[in-house]
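Asker: Residue numbers (this note's numbering), protein chains in the order written: chain A, 8 to 383; chain B, 8 to 383; chain C, 8 to 383; chain D, 8 to 383.
No residue lacks a Cβ here, since even glycine has one placed at the ideal position from N, Cα and C.
Dropping a structure here in structure tokens format, bear with me for questions.
Number of protein chains: 4
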Amino acid sequence: MSREPSAPAGKIPVAVLGATGSVGQRFLTLLADHPWFEVVRLTASDRSAGRPYREAVSWVQAAPKSERIAGMDLLPTEAAAVAGCPLVFSALDAAVAGPVEAELAAAGHLVVTNAGSHRMDPDVPLVVPEVNPDHLEVAAGQIARGVGAILANPNCSTIGLALALKPLADAFGLERVHVVTMQAVSGAGLPGVASMQILDNVIPWIAGEEEKVESETRKILGRLRAHGESGIGGWFVDHPVEVSAQCNRVPVVDGHTACVSVGLGRRVAIDEVRAAWEGFAGEPQRLRLPSAPARPIHFLDRPDAPQPRLHRDLEGGMAASVERLRPCPLLGFRFVTLSHNTVRGAAGGALLLAELAVAKGLLTGRGLPAMASTAR
Amino acid sequence: MSREPSAPAGKIPVAVLGATGSVGQRFLTLLADHPWFEVVRLTASDRSAGRPYREAVSWVQAAPKSERIAGMDLLPTEAAAVAGCPLVFSALDAAVAGPVEAELAAAGHLVVTNAGSHRMDPDVPLVVPEVNPDHLEVAAGQIARGVGAILANPNCSTIGLALALKPLADAFGLERVHVVTMQAVSGAGLPGVASMQILDNVIPWIAGEEEKVESETRKILGRLRAHGESGIGGWFVDHPVEVSAQCNRVPVVDGHTACVSVGLGRRVAIDEVRAAWEGFAGEPQRLRLPSAPARPIHFLDRPDAPQPRLHRDLEGGMAASVERLRPCPLLGFRFVTLSHNTVRGAAGGALLLAELAVAKGLLTGRGLPAMASTAR
Amino acid sequence: MSREPSAPAGKIPVAVLGATGSVGQRFLTLLADHPWFEVVRLTASDRSAGRPYREAVSWVQAAPKSERIAGMDLLPTEAAAVAGCPLVFSALDAAVAGPVEAELAAAGHLVVTNAGSHRMDPDVPLVVPEVNPDHLEVAAGQIARGVGAILANPNCSTIGLALALKPLADAFGLERVHVVTMQAVSGAGLPGVASMQILDNVIPWIAGEEEKVESETRKILGRLRAHGESGIGGWFVDHPVEVSAQCNRVPVVDGHTACVSVGLGRRVAIDEVRAAWEGFAGEPQRLRLPSAPARPIHFLDRPDAPQPRLHRDLEGGMAASVERLRPCPLLGFRFVTLSHNTVRGAAGGALLLAELAVAKGLLTGRGLPAMASTAR
Amino acid sequence: MSREPSAPAGKIPVAVLGATGSVGQRFLTLLADHPWFEVVRLTASDRSAGRPYREAVSWVQAAPKSERIAGMDLLPTEAAAVAGCPLVFSALDAAVAGPVEAELAAAGHLVVTNAGSHRMDPDVPLVVPEVNPDHLEVAAGQIARGVGAILANPNCSTIGLALALKPLADAFGLERVHVVTMQAVSGAGLPGVASMQILDNVIPWIAGEEEKVESETRKILGRLRAHGESGIGGWFVDHPVEVSAQCNRVPVVDGHTACVSVGLGRRVAIDEVRAAWEGFAGEPQRLRLPSAPARPIHFLDRPDAPQPRLHRDLEGGMAASVERLRPCPLLGFRFVTLSHNTVRGAAGGALLLAELAVAKGLLTGRGLPAMASTAR
């Protein structure tokens with residue numbers, strides 16, 4: 008904690024809060040060899056602080072951890088630990104994330120968080136980079152006023168759903184969404200769901216999850232209303248779509264599957280729906296951000312798809328997939344969507360969000376150009 | 008095949024067609040020590056016919072098979088094999104069931120089948136005993152004309168759904184049903200789903216299943232319109248409810264879970280919905296049929312229920328369970344229902360149907376009295 | 008805690024320590040309607056003490072909990088809480104069991120424990136009732152001296168192994184045992200193994216387990232050497248068998264499977280080995296204890312057996328099963344054995360042990376007669 | 008089948024027999040973009056022959072199939088279909104592989120097979136490229152006599168075991184091996200094990216597997232005795248090690264885990280054992296074959312390793328891993344080894360074997376030089 012962190016020339020030194028949990032592990036896996044960011048600080052709970060990472064972590068990723076990370080000492084999760092890191096990734100539990108993240112933002116850091124504590128705060132952008140990149144304006148306004156900001160990554164179930172809905176909302180209008188999820192156990196972190204509870208079983212309840220999916224979806228698909236003359240900042244207006252969510256835990260390691268029925272704003276032919284997905288791209292694709300998938304949504308063209316074990320890793324886990332598109336006798340259309348809950352739905356989504364923020368100049372006041380050329 | 012089958016005094020000799028498959032195995036498990044029925048004939052495919060049951064079967068039930076059954080020889084699946092059995096249970100694959108079942112009915116047998124071949128036939132009652140026992144009248148009419156009849160057990164997903172919907176339809180009217188199932192692998196029989204395909208996975212597609220759930224539900228909840236003067240027989244009129252079904256296979260051994268949203272015929276308080284389930288009983292309960300659960304629907308009063316591993320075996324697998332009742336912003340109410348797919352949803356449901364038919368005199372022309380006293 | 012506990016006439020009032028964990032839940036399930044024992048006290052950690060059982064427990068058993076138990080208040084785990092209970096069942100974690108159990112024994116209770124803390128104590132009998140019932144003499148000696156005693160149930164993996172080995176050791180002598188276990192997740196309790204760690208996985212390591220299997224097996228199969236003239240008490244002499252254990256966790260809910268190779272004391276024909284198992288019975292069978300299986304070992308006579316899902320529930324989970332007996336080119340014979348780890352291997356084994364102790368007069372100074380007639 | 012197959016300049020045109028099964032799918036995945044080989048012919052059973060690959064296959068790989076392959080027509084599995092392919096990969100079922108492979112070898116093809124039919128033939132090399140590359144001499148002799156040859160890939164369980172044993176046998180001598188496997192379901196192919204049979208279960212029996220592991224290990228570790236003066240060809244002499252194998256199926260998708268105890272030829276310190284593995288490399292490493300892992304054996308240095316989900320994909324699934332090395336009170340040392348059963352243990356192993364054969368000049372009469380430089 009003593010000396011200032013340093014990063015290789017041209018790289019931004021970053022910290023990961025809550026580095027030993029499963030989302031923290033994913034952050035470290037995805038940040039290994041990142042062209043823009045270098046992890047220089049790891050924090051953990053007081054119980055683990057002071058120990059080398061390799062001793063404190065129960066590593067559950069298939070990709071091995073790097074020797075450099077393994078040898079780093081864990082710091083306590085507090086402001087002093089991350090001094091010198093303009094960008095901080097938070098993989099903290101919601102139980103502790105709230106005050107720490109607020110403190111770090113007040114101290115001038117840009118905090119990109121996967122925790123739920125601040126997602127519905129009126130001054131915190133809740134962003135899926137392909138869906139509502141304009142919401143970052145609110146954080147830009149804060150930074151322009153000289154303080155840091157929190158950028159929130161949505162709930163792991165919401166992200167895939169929002170990706171699948173966005174092209175439909177844009178092209179046809181979106182009035183009603185009925186979604187039933189079948190969520191992987193990795194979404195509950197570590198220790199998370201006990202194996203005794205999920206083997207040979209389905210648990211039709213995830214505390215608070217349905218409310219999150221319903222409210223976050225409306226915020227993400229919502230508009231930004233700009234503040235008067237300044238042109239900086241603004242506030243969020245929820246999308247009027249009505250959402251009904253039912254969330255289930257199933258014995259799957261990674262990958263959240265969702266059965267969705269939608270009521271659109273106008274009559275549409277089924278081929279138009281497919282075409283809306285297939286033609287979809289967002290700002291991460293246009294900016295060629297390092298972690299952006301080439302295509303954020305893959306229509307799989309196979310009657311029994313998507314399936315978590317077969318399709319969660321598309322584009323390194325950063326692309327959502329959809330299939331089983333067919334009419335719904337009640338709402339209009341039905342389909343199934345899938346996304347990797349700890350990559351796109353957690354650490355990977357937060358990383359893409361941080362890249363978007365950097366590219367839009369939130370960190371530096373300047374935008375992308377110097378960095379874009381280093382995109383891997 | 009040579010001599011007439013005989014059963015202990017007062018018991019009805021029955022045959023099981025397709026006795027080596029997983030549903031066939033369940034039939035034999037449930038028919039062991041049955042107070043009314045004695046299994047005297049087992050049939051199988053030509054490949055297995057002629058072999059003793061113990062050698063031909065790959066037994067996957069936790070309950071051991073009886074020594075008597077294990078020693079029986081398998082017969083070919085044809086009319087000659089079941090001569091002398093007024094009642095025949097069919098656990099045949101849909102691929103072969105159709106013509107054989109029709110032939111046996113024409114020969115005067117009462118065929119209670121779990122296969123899908125004849126479910127939507129206009130002259131075949133598709134019956135959940137607590138839901139539409141009156142539909143048996145159509146078969147009674149056939150028998151009165153001197154031929155046999157086919158009684159069809161619905162699809163394993165439809166049965167639990169129909170049980171949960173019936174009290175609501177009766178009390179409040181039922182207009183719309185949206186159902187997403189998470190179905191156990193045993194529903195696919197043997198070999199069924201390959202383990203490579205379902206471990207760590209969800210398969211969001213079961214061939215033909217969604218259509219079955221949608222159409223069978225309307226038939227079961229529908230009315231019987233009686234034939235003119237005779238008072239015997241009649242035809243079925245579908246219930247007008249609109250049903251949207253999405254069916255998924257999950258890595259669960261037994262027990263189909265369904266997330267259901269319903270639009271009712273009138274405004275109802277949530278307590279009324281619960282009360283409708285808790286007060287529900289049907290003809291099997293009134294007749295005290297041997298396989299009838301005391302309560303066909305259990306409201307579990309636990310926020311994370313129902314769960315297949317914990318609740319599928321309620322009342323020996325013959326009761327459905329419901330919970331997670333809450334308002335649905337789109338349709339009215341949401342809930343989760345669960346039933347044991349190879350007990351209530353297959354062999355157990357068919358057995359209860361046979362008991363109902365016997366109690367109503369379809370087999371004998373006489374009704375229940377002599378037998379009811381032997382209920383276990 | 009205020010008033011003395013009371014039990015129905017003729018029943019012994021018992022307490023269950025650590026009642027909310029998975030072993031505690033099994034104790035309560037098995038003690039429901041027990042002919043000799045009535046649960047009158049439940050204890051838990053300080054975090055849960057004071058709350059009604061139904062609120063504090065995360066129930067994971069398929070059998071529902073009784074209304075009476077659900078309404079009982081949890082007490083802190085301390086001597087005052089179990090005053091008036093001559094018999095105390097301990098389902099405590101090993102981390103806290105040691106001092107509490109010693110304190111209760113010193114206070115005169117007979118403590119039957121599933122925890123590992125005292126298993127290898129020189130004055131604590133470690134007993135599988137069919138294998139080494141004579142070891143109870145040591146506890147009888149303690150009781151004769153006016154203090155209580157601890158009776159230890161072995162590790163869940165050791166019990167099934169010891170059952171399978173005992174007939175071989177008696178009939179042929181036993182020199183070498185090589186065992187590789189594949190253990191169910193329920194053996195790790197709650198929360199135990201995280202589902203992220205075990206789905207689609209094998210964990211080839213269970214902390215301390217191999218040492219337990221190796222040392223406990225020698226103690227259980229060992230002899231009791233009587234103390235000089237008194238004839239009461241004595242000490243334990245390990246069996247000289249050499250044991251090599253390798254323990255693995257597999258994604259199975261209940262049931263520990265073990266691949267065993269044995270070197271026997273003399274040349275034996277394979278049929279003799281099978282006969283030794285099939286003819287085996289122990290004191291629980293002779294005394295007709297309420298929880299005793301009719302046959303403690305089932306030889307299954309099926310080439311692909313035993314399998315946890317099919318065979319763990321034999322005789323209510325109290326019987327071990329063996330099959331795949333064949334020569335081992337290295338040691339002599341090989342076989343596979345299976346037992347239910349939370350029934351026979353934990354709560355059920357401890358309950359049988361308590362029954363044995365009561366029948367042998369440890370609690371009352373008198374033996375079995377009055378009670379045996381109430382055996383269910 | 009009509010015209011001669013062609014491959015890009017410098018690539019060898021190859022055929023895959025049995026291309027729709029799970030091993031066939033792995034072959035195609037691994038052969039995509041191979042620097043030496045180009046798949047130009049696919050065969051299947053008569054049922055599928057004539058259909059495009061994309062329609063006939065039930066694709067279960069996470070990696071998508073290439074468009075070129077998806078569009079190829081399946082041919083019947085017969086000599087005419089593979090004319091023009093000097094190298095043929097066989098992923099046929101053992102039930103049909105024997106005569107077809109013999110016919111193709113007689114017709115001059117080099118057949119590299121994953122099937123078990125010819126493994127123990129006295130004139131068929133059974134080869135793990137790092138373990139017994141010299142055995143290829145026998146095939147070279149056949150080719151020198153103007154006929155083709157069969158090269159057999161060992162059983163999926165044997166390969167990982169042989170890799171782990173080879174350095175020990177070389178350094179210390181190997182006298183006794185006791186192995187208990189926990190095998191993934193993908194090893195049984197498609198449909199393979201039914202999901203009803205393996206969910207929440209262990210099956211302690213795989214038909215014929217134990218015999219294969221025991222006999223193949225001795226052949227692979229055995230010597231080649233050269234034929235008199237010619238210096239070409241020879242015959243195989245089994246290694247004298249005594250092997251006892253017990254094989255289990257567990258609910259794991261990919262990755263065979265084995266608990267191994269070994270008796271070595273002399274007293275060894277535990278560090279020497281580890282050093283033997285860590286220093287091990289074979290001919291594929293020296294020749295830098297395209298599919299060779301950098302290190303064939305990884306010692307993981309983590310107490311709870313190896314685990315299939317975490318470690319099966321090391322070096323693209325081509326490296327075996329070992330850990331949990333510790334003394335065995337019975338045999339000497341114990342350890343756990345893991346390898347990917349459908350990569351290294353099947354298609355990947357066969358591919359590496361084909362590369363070795365090509366590099367040694369079996370196909371061309373000339374050796375490696377021209378090709379080695381294209382190693383990817």
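Compare the C-alpha of D:Val-6 against each of D:His-318, D:Gly-352 and D:Asn-208 and name the closest.
Answerer: Here chain D covers residues 8 to 383 and nothing more, so residue 6 of chain D does not appear.
Asker: Quick one: what does DSSP say A:Val-107 is sitting in, helix, strand or coil?
Answerer: In the structure shown, A:Val-107 sits in a helix (DSSP, three-state: H, G or I).
Asker: Check the Cβ of D:His-41 against every Cβ in chain C and list those closer than 9 Å, keeping chain order.
Answerer: Within 9 Å Cβ-Cβ: nothing; D:His-41 doesn't reach chain C, min ~28 Å.
Asker: Measure from the C-beta of B:Arg-61 to each C-beta in chain A and report whether the shortest distance is under 9 Å.
Answerer: B:Arg-61 does not count as touching chain A.
Asker: Which residues in chain B sit within 7 Å of A:Asp-253, going by Cβ to Cβ distance?
Answerer: According to the sequence provided, residue 253 of chain A is Gln. The question's Asp does not apply to it. Here the neighbours are Cys-266 and Arg-341.
Asker: What are the residues of the region 182–198 of chain D that lie near chain B, defined by any Cβ-Cβ distance shorter than 7 Å?
Answerer: Correct list: Val-192, Ser-193, Leu-197 and Pro-198.
Asker: Pull out every residue of the region 292–325 of chain C whose Cβ sits closer than 7 Å to any Cβ of chain B, in chain order.
Answerer: Under the 7 Å Cβ criterion, the region 292–325 of chain C contributes Arg-316, Leu-317 and Asp-320.
Asker: What ranges does the beta strand (DSSP E) occupy inside the region 62–127 of chain D, keeping only unbroken runs of at least 3 residues that lie completely in it?
Answerer: As far as the region 62–127 of chain D is concerned, its whole beta strand (DSSP E) runs of at least 3 residues are 81–83, 94–97 and 117–120.
Asker: Near B:Ala-22, which residues of its chain fall below 6 Å by C-beta distance, leaving aside the five closest residues on each side in sequence?
Answerer: Answer for B:Ala-22: Arg-48, Val-89, Cys-92 and Val-95, listed in chain order.
Asker: When the distance is taken between beta carbons, is A:Val-186 closer than 9 Å to A:Leu-158?
Answerer: No. Outside cutoff.
Asker: Quick one: any contact between the region 322–337 of chain D and the region 346–363 of chain D, if contact means 3 or more CB pairs under 8 Å?
Answerer: Touching, per the Cβ criterion.
Asker: Cβ of A:Phe-179 within 9 Å of Cβ of A:Val-280?
Answerer: The answer is yes: Cβ separation under 9 Å.
Asker: In three-state DSSP terms, what is D:Pro-291?
Answerer: DSSP places D:Pro-291 in helix when its eight states are reduced to three.
Asker: Does the CB of A:Arg-274 have a neighbour CB from chain B at under 9 Å?
Answerer: Answer no: the Cβ-Cβ gap between A:Arg-274 and chain B never drops below 9 Å.
Asker: Based on DSSP bridge pairs, tell me the residues matched to B:Gln-314.
Answerer: Answer by DSSP bridge pairing: none, since B:Gln-314 is not bridged.
Asker: Around the C-beta of D:Pro-140, are 16 or more other C-beta atoms found within 10 angstroms, so that it is buried, or is it exposed?
Answerer: Answer is buried; the Cβ neighbour count reaches 16.
Asker: Which residue's Cα is closest to the Cα of A:Ala-122: A:Ala-113, A:Val-107 and A:Asp-130?
Answerer: Per the Cα distances, A:Val-107.
Asker: So which residues on chain A does D:Leu-37 lean against when the C-beta distance must stay under 9 Å?
Answerer: Those within 9 Å of D:Leu-37 in chain A number zero; the least Cβ separation is about 17 Å.
Asker: Here's a check: name, in chain order, each residue in its chain whose Cβ is nearer than 6 Å to the Cβ of B:Ser-251, leaving out the five neighbours to either side.
Answerer: Result list for B:Ser-251: His-185, in chain order.
Asker: Would you kindly work out how many angstroms separate the C-alpha atoms of C:Val-269 and D:Gly-339, rounded to a whole number?
Answerer: Looking at the two C-alpha atoms, the distance is approximately 16 Å.
Asker: At a CB distance below 7 Å, what residues from the region 330–354 of chain C approach chain D? Give them in sequence order.
Answerer: Going along the region 330–354 of chain C in chain order, one finds Arg-331, Cys-335, Pro-336, Leu-337, Arg-341 and Val-343 with a Cβ nearer than 7 Å to chain D.
Asker: Going by DSSP, what residue range makes up the beta strand (DSSP E) through A:Trp-242?
Answerer: From DSSP, the beta strand (DSSP E) with A:Trp-242 extends over 241–244.
Asker: In whole angstroms, what is the alpha-carbon distance linking A:Glu-150 and A:Val-119?
Answerer: Per the sequence shown, the amino acid found at residue 150 of chain A is Ile instead of Glu. Their backbone Cα atoms lie some 14 Å apart in a straight line.
Asker: Indicate whether A:Gly-31 and A:Leu-37 have their beta-carbon atoms separated by less than 9 Å.
Answerer: For A:Gly-31 and A:Leu-37, no; Cβs fall outside 9 Å.
Asker: Please compile the residues from chain C whose C-beta is within a distance smaller than 9 Å of the C-beta of B:Asp-261.
Answerer: Going along chain C, no residue has its Cβ under 9 Å from B:Asp-261, so there is no contact; the nearest lies around 10 Å.
Asker: Does the beta-carbon of A:Gly-356 have 16 or more other beta-carbons within 10 angstroms, so that it is buried, or is it exposed?
Answerer: When all chains shown are included, A:Gly-356 counts as buried.
Asker: Report the neighbours of B:Asp-207 on chain D: residues whose CB is nearer than 7 Å to its CB, in chain order.
Answerer: Those within 7 Å of B:Asp-207 in chain D are Val-260.
Asker: For C:Arg-33, count the other beta carbons within 10 Å of its own beta carbon; 16 or more makes it buried, fewer makes it exposed. Which is it?
Answerer: By the neighbour-count rule (16 or more Cβ atoms within 10 Å), C:Arg-33 is buried.
Asker: When the cut-off is 9 Å and only beta carbons count, does A:Gln-204 lie next to chain F?
Answerer: The structure shown contains no chain F; its protein chains are A, B, C and D.
Asker: Would a C-beta distance cut-off of 9 Å place A:Glu-137 and A:Gly-368 closer than the cut-off?
Answerer: In this structure, A:Gly-368 does not lie closer than 9 Å to A:Glu-137 by Cβ.
Asker: Which residues of chain D have a Cβ atom closer than 7 Å to the Cβ of A:Ala-69, listed in chain order?
Answerer: The answer, in chain order, is Arg-316, Leu-317 and Asp-320.
Asker: At a cut-off of 8 Å, is A:Gly-153 close to the ligand NAD when judged by its beta-carbon and the heavy atoms of the ligand?
Answerer: Because no ligand of any kind appears in the structure shown, any question about the ligand NAD cannot be addressed here.
Asker: Between B:Phe-403 and B:Arg-302, what straight-line distance do the alpha-carbon atoms span, to the nearest angstrom?
Answerer: For chain B, the structure presents residues 8 to 383; residue 403 of chain B sits outside this window and is missing.
Asker: Please state whether DSSP places A:Arg-331 in a helix, a strand or coil.
Answerer: Here A:Arg-331 sits in strand by DSSP.
Asker: Assign C:Ala-4 to one of two classes, buried (16 or more other C-beta atoms within 10 Å of its C-beta) or exposed (fewer than that).
Answerer: Residue 4 of chain C cannot be examined here, being either before or after the span of chain C that is shown, 8 to 383.
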